[in-house]
Each structure stands twice: as structure tokens, then as C-alpha cells.
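Numbering (my numbering), first residue to last: 265 to 730. What follows is one structure encoded as C-alpha cells, with my remarks underneath.
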RNA sequence: GCCGAGGUAACAUAGCGGCUAUGUGGCGGACUGCAGAUCCGUAUACGGGAGUUCGAAUCUCCCCCUCGGCUCCA
């Protein structure tokens, strides 16, 4: 099966072929380190975590880089406001990011470069751009000269004339062209600054991503990801400056994820309509949140609301239930082939085919739902075979490797609690036999209060801790 | 204005030329003393209009609406 990806650069679904053999270099824009991450950041992190996992599952050797930008307006405002050094702010929110994403099951990147730790390389890159005539200095500031670029708008598919300059931000009169963007900014009072040939100041917003991605992945690499709002100007500018720097194509596949919305607006810090990962995880299980994020194709926006997350939890519960049933199923002693293996194979194929089609986790999950029904039916029927049970579990393990949405451990229950529960169940069974249902229900409620859920089945009473 | 992504049953999502989809929720059954879980069955769709085709959610054109971007942003 070949992997196909929707490339923003070409607008096409393309077969994924890395630049050099088995190696894949992948860079994703992380966060600005001035505050706790919100659900929009969670969507991005989980999206690219799953994309990275799937590329690895295809057998590629991925070097995954996620950056932290700690020199930009918000970070600077914050460090001034709090009166603490920039490094301290950076460190704090990098720590929080790792905590939040760790809880969401996001596998750590191989490298997490930080903008302020790459000042030397950034200044060198800017100097090179000036030397090559791709950038110019004015009043201690340095601007990238967009008119020197022949292929303007490669990624966003816009022509120079299409732009509405100053749509939101006033045009700086020092720029030769309103579309020129700043590579180096002179400091303002109280701001953190670094020495440079042009002024004491700091880099502009885009240059650090070019410098850091190329430092760790080479001048050309395979995958660059981020949210759709970064296509222009951020990624477009990255391409222009990187290619001006190296004369080589910067990135082969550009992948952009849809945004997290609240109602009809995107979730963002500036709109104030955000939910932090911390507050959402205080209310919902991390696996539920992950499932919620993966239950829509990554290109599409997701509307964040409690009903949707709650429903995601119910839906995931259905799958987990099926997995739990399998984990607790006692196979027959015989190692017979009862034909269920074919169903497992079919489901696994369906899952992989969906993931190969531009990481369609939603479609992949639909295959798991179909499979879960098959499994439930199978387990309720004749005695399942050990071999089939094992192959079902193998499928779930594989899907978990891809999506990380399941729990495999049987809940450990300590013996005294188990004995208490068993005794109560016994008592309830006697009450039921005597048709004393009031008492039976009373015992069931009591167990429920202890966190024990009973299920009366044809195989006897089952119970589990929730 | 320009670029991009969308509009699928009650809701949320897949599908993207013929197989009527997945989850939650309805409704009706099975199993239950009841509940839950599970299984079986069932109803309600493809923004609007033209066109191509034996056949269109799916392709083409036009229109309407929503969201994102056009130098804060995942």
C-alpha cells in the first residue's frame, strides 16, 4: 500500500516518496512560549503525532522536530509584564507544554529547538541574505526583499497583486514593498535584545523556523506541518528566505491541519475563546480528548463543545468495551482456526488503507467500529479460540500504536476489595433468587457508590471498577 | 477583491461515478425482575439550479451560505 498525502504546495494528493531513501525529516511549528497551551495546540500536536506515527509504521526512519518560539511579541510583553528573564518564561512554558502533551499521549519529538538558543545561526543567516541581495537594512532593521523572489506565493497560491496590504496591520514605511517582512527588529525600551551587526534587537518571526529546521534536517527536507493559519505569511516567508539562502527547494510536502473552532470562530488566545488543555483534562479522560481530535479528518476544522467531547467519550467507550471483553475472554484450550482471523485481517487492511489516504483517522476509526461489532458478536457466540483472541488483541495493539486511544491493562483490584465485592454480589444473587428486588437493587447501588458496575449476563454476573 | 477549506439524515463525521456509511440519539425486537452492556431490525441524507452520463453526494458550469488567510496565531 502506498501512502498518499495532500500537499498544500501543489493542492494535490501525492504519493509519499521521501527525498532520500528511508529517511524522513519532519518539522512542525510548535508554540510560542508565553502561556498554557489550548485545545487548538492540542489538535495540532495530536494530528502530527499521528502522522509521524503512521509514517514510522510504514517503515520510515523519521527525525521529528518541533520548535519553540520564545522571541516574539507576546513572549516579550509577558516577560516585561512579569518582570522575569525571558529564559525563565521560556523554560516554564516549555515544561507546561511537555506536561500537557504528555498527558495527551503525544510522543516526544526527537529535537525541540528553541529560537533564543539559535541566535548565532539566525544572525548568520540574515547576514547571508543581505550579502546575497535578498535583504536590506534600514534604521537598524533588516527586511526581506520580496521583489527579489521570482516564485512569490508558491504555497498560498496568491499573486503579489492579490494581496490586500495592511489589511490588519499598518504598513511600515521603511519597507520597499508592503509585502517585505522583517528579519531583524531593533529593540524598544525594556525589551530583551541581542547584539547584531545592525542593531541591538531581535529576530523577526519567520527566520527562526528556517534556521532551525535546516540546521537539524538539512537544506531540503520532507515534511513541514502546522495549522492552516500559518500558510500565509509564516510558511510562505519561510520558503522564500530558506530558498534564497540555499538555492534549493526547501520542503517537499506541506501538510496543514484545520483549526479548532468554538461556535463559528477559531479558537485563539487573542479572541479569548480558548479552553486550555489543563481545564479540558480536568473534565475529560485524555484518551477521550485524543479520540475526539482524531474522529475528524485532520484537514477539517473541529468545533469544540462539551456535547461533542462527551459523545466522543461514549463512542470510544464502545470500542474500549469490546477490547475489554476480548481481554477478559477465556479462549478454548484448543488452538483451532475458526475463521475469525479473516475478519481481523480485513479490518486491519481497511484501517491501513484509510490511514494511507492522507492519514484519514476518521475513516480508520470507522473500520474499528465495524470490527468491534464483529468481535462482540463473536465473543457472545460459541467459545472463541485462543488463536482468534490473540489476533484480535494484536489488531487492537496495532491500532493503538497508530492512534494511542486504548487501555490494555486489566484493572488491578486488590484482594480484600475483590472479596468484599464478591460477597455483596453473592448476597444480591440470593436476594434476586428470593425475588427481593428492592434489596438486590440496594446492593447494586451500594456497589455503584464504591465504583463497581455490575452486569447481569447469561454467563453470570460480571463486574468492573470504573 | 484575491487565495484556500467546507455545506451529507436529529446531531457529529466518512465516502467522492453504480454497493446507501460510522458514532451518539429515535423507534421496534432479543437477553433481563429492572438497569446496564451487547446483538438484531428500522426510520430520517447528500446547500440550490442547470448540464455530462445508462447511472451523480460523487464529474462540469453558475449561484447561495459558512469558516480560515491576506504580516499576533497550531
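Note that CB positions come from ideal geometry on N, CA and C, so glycine has one too.
- With distances taken between CA atoms, residue 555 lies nearest to 584 out of 563, 537 and 584.
- Of the residues assessed, residue 488 falls on the buried side of the cut-off, its CB having 16 or more other CB atoms within 10 angstroms.
- Between the alpha carbons of residue 405 and residue 459 lies a gap of roughly 12 Å.
- Residue pairing by DSSP places residue 727 opposite 718 in a beta bridge.
- Here residue 668 is buried: its Cβ has 16 or more other Cβ atoms, across all protein chains shown, within 10 Å.
- Restricting attention to 379, 691, 315 and 541, the CA atom closest to the CA of residue 466 is found in 379.
- DSSP places residue 306 in the helix class (H, G or I) of the three-state scheme.
- Closest option to residue 472, judged by alpha-carbon separation, among 412, 453 and 447: 447.
- Relative to residue 476, the option among 654, 625, 407 and 293 whose CA is nearest is 293.
- In the DSSP annotation of this structure, the continuous segment of the beta strand (DSSP E) that includes residue 325 starts and ends at 325-330.
- Look at residue 461 here: in three-state DSSP terms it is coil, with no helix or strand label.
- Here residue 600 carries a coil assignment [DSSP, helix/strand/coil].
- With fewer than 16 other CB atoms across the displayed protein chains lying within 10 angstroms of its CB, residue 714 is exposed.
- Linking residue 328 to residue 313 through their CA atoms gives a straight-line distance of about 9 Å.
- Per DSSP, the unbroken beta strand (DSSP E) holding residue 276 starts and ends at 276-279.
- Using a C-beta cut-off of 8 Å, the stretch 638-650 makes no contact with the stretch 322-342, since fewer than three inter-stretch Cβ pairs fall below that distance.
- Residue 592 counts as exposed, since fewer than 16 other beta carbons sit within 10 angstroms of its beta carbon.
- In this structure, residue 303 sits near residue 524, with a CB-CB distance shorter than 7 Å.
- Shown here for residue 416: same chain residues with a beta carbon closer than 7 Å to its own, the five before and five after excluded, namely 410 and 424 in chain order.
- Listed in chain order, the alpha helix (DSSP H) elements of length 4 or more contained wholly in the stretch 507-559 are 541-547 and 550-558.
- Put simply, the stretch 318-334 does not touch the stretch 552-572. Fewer than three CB pairs are less than 8 Å apart.
- As DSSP reads the structure, residue 566 sits in a beta bridge with 524.
- The count of Cβ pairs closer than 8 Å, one atom from the stretch 504-520 and one from the stretch 543-555, stays below three, leaving the stretches out of contact.
- With respect to residue 697, residue 703 sits apart: the two C-beta atoms are not nearer than 7 Å.
- Restricted to the stretch 329-375, the alpha helix (DSSP H) segments that are unbroken, complete and at least 4 residues in length are 337-346 and 350-367, listed in chain order.
- Apart from the 5 residues on each side of it in sequence, residue 604 sits with its Cβ closer than 6 Å to the Cβ of 642 and 652 in its chain, given in chain order.
- In the structure shown, the three-state DSSP call for residue 451 is coil.
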